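**Student:** I'd like to ask you about the structure that follows.
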Amino acid sequence: MNSVVKAAAYTLVYAPDMIIHNGSTQTTERIVNPSSEYLTKIPAHLRSFEDNVAYAPNQTYIGNMTPDELAKIEMPWYNKKVEGANRFGKFGEIMPQDEFLILLQICDVFDLVKLEKNFVERTRPNFEKHPLMGEDIISKIKPGVEIAEIENFVNNEHSEGLYHNHELVGYVKRAHDVDPSLTAHIIHENLVSKATSVLSLLHLVKNSGLEKSEIDYVIDCSEEACGDMNQRGGGNFGKAAAEIAGLTHATGCDIRGFCAAPTHALINAASLVKAGTFKNVIVTAGGSTAKLGMNGKDHIKKDMPVLEDNLGGFAVLVSANDGVSPEINTDIVGRHLVGTGSSPQAVTSSLVSEPLERAGLKITDVCKFSVEMQNPDVTKPAGAGNVPEANYKMIGALAVKMGAIEKTELAAFPEKHGMVGWAPVQGHIPSGVPYVGFAREDILAGKVKKAMIIGKGSLFLGRMTNLFDGVSFIMQPNSGAIASNAGVSEEEIKTMIAKAMKDFAKSLLAE
Amino acid sequence: MDLENQKRVKDFADNYGAENLVVIIGAAEGEAAGLAAETVTAGDPTFAGPLTGVQLGLKVYHVCEEEVKSEVNEELYEEQIGMMEMVLDIDDIAKEMKAMRDEFCKYL
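The listed protein sequences derive, respectively, from chains A and B.
Under our numbering, read the first sequence as residues 28 to 538, first letter to last.
Under our numbering, read the second sequence as residues 115 to 222, first letter to last.
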């Protein structure tokens, strides 16, 4: 029996100071051109938290708006505000930077993160009000240190500074004096990934209605690597995040594959559950500091705010079939093979038409395709075009080639079978997975019959292969098998009849 | 153009002679294709890579231009490129490419 998507969570963290201090475009610029005009201009181009929350793509990501509602707003979106926007949504939340720094400290179990004591005092009351932060988490907040200590560690001890409103409020210590895999930079990057994953896990557990103790396995599919110089990518972000989130009955592992990793991980999770190995498997990923402000130069050149000011996170719960939730159909899995080739046509065929044909289906049998759902508000001004739209055009052209639609229908294909992009440009975060939460709702509401989730990854970046990569799967309505058949066994029927006869006998005696 | 690719193009030109090279571009938009063509003919317009100030003047075409298409087996071309041909604005791409070749190519 197919496993199901039981719940999904999507979270964002507003991190404007991390753009300046941790985004790779900015850190590279600081090395190559320390007196750069670009760097001096950034502070004037940062959005406020309120503007970040009122940004329509962000409201869509956390579930307060649907992709259809977003599509009705004319682009560009950055200069329009959503009325009555809320920090919290049905899928998750947008956490402000100061609260996130507290969460970062909580996620550090090696005493590597220190925050300034006044900052902790100021921020702690807000953090304590957070609906999902229980005593187990709040009790991990440390009192904080003097600013002199922070300045000393940042200036003299190779520590990474933590900033809020352009003010130094803490540091991340290096975890070893000479090990290049445990520098303060890497520890910071990894702890941010872990903390954003933890935030998503907490929302997911709430959204699922399950007890934390019911989660069996957690798969992390982010793009970071943790380990020391002897095992640089040793890993297990999955288990580390599960520990902080209080999932005491879970173990876990990491799956990597660049932007294709979330879809690889969901297929793995669905198979583990379908095989009966585990009942409840979470796929989770945290965000990436390196990608903050990646297109900042172009945004500032066009006098826009630096739009990549959010860390992204998500978590999806894959569970044993409950007779209701949408299924992951592991019989229709697309995959880019070693021998597939890297032309866009070969890639799209292997992920879209080949698995559908194998199942006797046409491209038009899929209502919605979830591709690389990057927010075009971010990518278009940077010359990278509208990524989801380009993907839909390719799938549409393939449909023409396969004879599923006429060439005259090609122009309407993206709108009919696609969506506008709303996800932050954080590599793995926008890849296929942003629609899983909405797909669950659309399928439950009967609006969508089949959705295809596609993940693609650029493996060449790791310099181990020039091969492209990608996988895809189908989400579909629950076949309702449990409700109709498997729900009542012969044994149970016998018990029910026996009980009814006993009750009848009792009523006779009473008379 | 990616800095690593600029380095490779420059190495090829040094090793095999600029007159013996043809660069095939696969960019999805006219502007991006034109920038890549400019880089291997007039030099890196962003002044960031190894081709900054290096005017190689190489022959350069987009894979969807007629000059390349007519050189390739029809069936193979249809199989590998046919879908993208439908998606891309080939007239715009060809216009950008031709403008760069006409102005900067040394080997036509």
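Don't be surprised by glycine CBs; every beta carbon is placed ideally from N, CA and C.
Here the structure is a predicted model, which is why all the values come from computation and not from measurement.
Where residue 414 of chain A and residue 465 of chain A are concerned, what is the direct C-alpha to C-alpha distance, given to the nearest angstrom?
**Tutor:** On the first sequence, position 387 is the one that residue 414 of chain A refers to. On the first sequence, position 438 is the one that residue 465 of chain A refers to. Whole-angstrom Cα-Cα distance: 20 Å.
**Student:** Please classify residue 512 of chain A: does DSSP put it in a helix, a strand, or coil?
**Tutor:** Counting from one through the first sequence, the residue named residue 512 of chain A turns up at place 485. Any answer about residue 512 of chain A is weak, because its pLDDT of 46 lies below 50 and its placement is not dependable; what the coordinates show is given next. Three-state DSSP puts residue 512 of chain A in a helix.
**Student:** Am I right that residue 22 of chain A and residue 30 of chain A are in contact with their C-beta atoms under 8 Å? What's the rounded C-beta distance?
**Tutor:** Nothing can be reported for residue 22 of chain A, as the shown portion of chain A is limited to 28 through 538.
**Student:** Among A:208, A:155, A:54 and A:385, which residue has its Cα nearest to the Cα of residue 259 of chain A?
**Tutor:** As a working mapping, residue 259 of chain A is identified with position 232 in the first sequence. Comparing Cα positions, the closest option is A:208.
**Student:** Within 10 Å of its beta-carbon, does residue 72 of chain A have 16 or more other beta-carbons around it, so buried, or fewer, so exposed?
**Tutor:** Position 45 of the first sequence holds residue 72 of chain A. Buried.
**Student:** Taking 9 Å as the CB-CB limit, is residue 188 of chain B close to chain A?
**Tutor:** As a working mapping, residue 188 of chain B is identified with position 74 in the second sequence. Answer no: the Cβ-Cβ gap between residue 188 of chain B and chain A never drops below 9 Å.
**Student:** Compare the C-beta of residue 193 of chain B with all C-beta atoms of chain A and state if any pair is closer than 9 Å.
**Tutor:** Along the second sequence, read from residue 1 onward, the residue named residue 193 of chain B stands at position 79. It does: the Cβ of residue 193 of chain B has a partner Cβ on chain A nearer than 9 Å.
**Student:** Starting from residue 356 of chain A, trace the beta strand (DSSP E) both ways and give me its first and last residue.
**Tutor:** To locate residue 356 of chain A, count along the first sequence from 1; it is residue 329. It spans 354 to 362 - the beta strand (DSSP E) in which residue 356 of chain A sits, taken as one unbroken run.
**Student:** Can you give the beta carbon distance from residue 408 of chain A to residue 325 of chain A, rounded, assuming they're within the 8 Å contact cut?
**Tutor:** As a position in the first sequence, residue 408 of chain A is number 381, starting the count at 1. As a position in the first sequence, residue 325 of chain A is number 298, starting the count at 1. Correct: roughly 6 Å between the Cβ atoms.
**Student:** Tell me whether the beta-carbon of residue 79 of chain A lies closer than 9 Å to the beta-carbon of residue 337 of chain A.
**Tutor:** Numbered from its first residue, the first sequence carries residue 79 of chain A at position 52. Numbered from its first residue, the first sequence carries residue 337 of chain A at position 310. Yes, Cβ-Cβ distance for residue 79 of chain A and residue 337 of chain A is below 9 Å.
**Student:** By DSSP, does residue 400 of chain A sit in helix, in strand, or in coil?
**Tutor:** To locate residue 400 of chain A, count along the first sequence from 1; it is residue 373. If DSSP states are grouped into helix, strand and coil, residue 400 of chain A belongs with coil.
**Student:** Out of B:202, B:134 and B:216, state which residue places its alpha-carbon closest to the alpha-carbon of residue 421 of chain A.
**Tutor:** By 1-based counting over the first sequence, the position of residue 421 of chain A is 394. Ranking B:202, B:134 and B:216 by Cα distance to residue 421 of chain A puts B:202 first.
**Student:** Considering only residues of the same chain and omitting the five flanking positions on each side of residue 48 of chain A, which have a CB-CB separation below 7 Å?
**Tutor:** Position 21 of the first sequence, counting from 1, holds the residue named residue 48 of chain A. These residues qualify, in order along the chain: 188 and 190.
**Student:** Is the distance from the Cβ of residue 18 of chain A to the Cβ of residue 480 of chain A below 9 Å?
**Tutor:** Lying before the first or after the last residue shown, residue 18 of chain A is absent from chain A, which here runs from 28 to 538.
**Student:** Roughly how many angstroms separate the alpha carbons of residue 131 of chain B and residue 125 of chain B, rounded to a whole number?
**Tutor:** Numbered from 1 along the second sequence, position 17 holds the residue referred to as residue 131 of chain B. Numbered from 1 along the second sequence, position 11 holds the residue referred to as residue 125 of chain B. So the two alpha carbons sit approximately 10 Å from each other.
**Student:** Taking 7 Å as the limit between beta carbons, can you name the residues of its chain near residue 172 of chain A, skipping five residues before and five after?
**Tutor:** Residue 172 of chain A sits at position 145 when you count from the first residue of the first sequence. Once the five neighbours on either side are set aside, the close Cβ partners of residue 172 of chain A are 141, 143 and 144.
**Student:** Could you name the residues of chain B that residue 296 of chain A contacts, counting a contact when the two beta carbons are closer than 9 Å?
**Tutor:** As a working note, residue 296 of chain A is residue 269 in the first sequence. Residues of chain B passing the Cβ test: none, with the nearest at roughly 32 Å.
**Student:** Between which residues of its own chain and residue 116 of chain A is the CB-CB distance below 6 Å, once the five residues before and five after are set aside?
**Tutor:** If you number the first sequence from 1, residue 116 of chain A lands on position 89. Excluding sequence neighbours, residue 116 of chain A sits near 89, 90 and 91.
**Student:** Would you grab the beta carbon distance between residue 45 of chain A and residue 319 of chain A for me? Rounded to a whole angstrom, and I think it's under 8 Å.
**Tutor:** On the first sequence, residue 45 of chain A is found 18 positions in, with the first residue counted as 1. On the first sequence, residue 319 of chain A is found 292 positions in, with the first residue counted as 1. Going by Cβ atoms, the distance from residue 45 of chain A to residue 319 of chain A rounds to 5 Å, so yes, they are a contact pair.
**Student:** Which same chain residues end up closer than 8 Å to residue 126 of chain A when comparing Cβ atoms and leaving out the 5 residues on each side of it in sequence?
**Tutor:** Against the first sequence, residue 126 of chain A aligns to sequence position 99. Correct list, in chain order: 150, 153, 154 and 157.
**Student:** Just to confirm my understanding: we take residue 292 of chain A, look at its own chain, exclude 5 residues before and 5 after, and list those with CB closer than 6 Å. What are they?
**Tutor:** For this step, residue 292 of chain A is matched to residue 265 along the first sequence. For residue 292 of chain A, where only same-chain residues beyond five positions count, the Cβ hits under 6 Å are 246, 248, 282 and 310.
**Student:** If we cut at 9 Å on Cβ distances, does residue 198 of chain B have a partner in chain A?
**Tutor:** Here residue 198 of chain B is taken as the residue at index 84 of the second sequence, counted from 1. Residue 198 of chain B counts as touching chain A.
**Student:** Please tell me whether residue 498 of chain A and residue 361 of chain A are closer than 9 Å, where the distance is taken between their beta carbons.
**Tutor:** Within the first sequence, numbered from 1, the residue matching residue 498 of chain A stands at position 471. Within the first sequence, numbered from 1, the residue matching residue 361 of chain A stands at position 334. Their beta carbons are under 9 Å apart, which means residue 498 of chain A touches residue 361 of chain A by this criterion.
**Student:** Okay, do the stretch 178 to 195 of chain B and the stretch 371 to 379 of chain A touch, 3+ Cβ pairs below 8 Å being the bar?
**Tutor:** With the cut-off at 8 Å, the stretch 178 to 195 of chain B and the stretch 371 to 379 of chain A touch.
**Student:** Flag this pair as touching only if the stretch 59 to 76 of chain A and the stretch 436 to 453 of chain A have three or more C-beta atom pairs under 8 Å; answer yes or no.
**Tutor:** Flag = no, the stretch 59 to 76 of chain A and the stretch 436 to 453 of chain A do not touch.
**Student:** Grouping DSSP H, G and I as helix and E and B as strand, with all else coil, what is residue 298 of chain A?
**Tutor:** Along the first sequence, read from residue 1 onward, the residue named residue 298 of chain A stands at position 271. The answer is helix: DSSP assigns residue 298 of chain A an H, G or I state.
**Student:** Could you name each continuous alpha helix (DSSP H) segment of 4 residues or more that falls completely within the stretch 92 to 127 of chain A, going from the start of the chain to the end?
**Tutor:** Entirely contained in the stretch 92 to 127 of chain A, the alpha helix (DSSP H) runs reaching 4 residues are, in chain order, 94 to 98.
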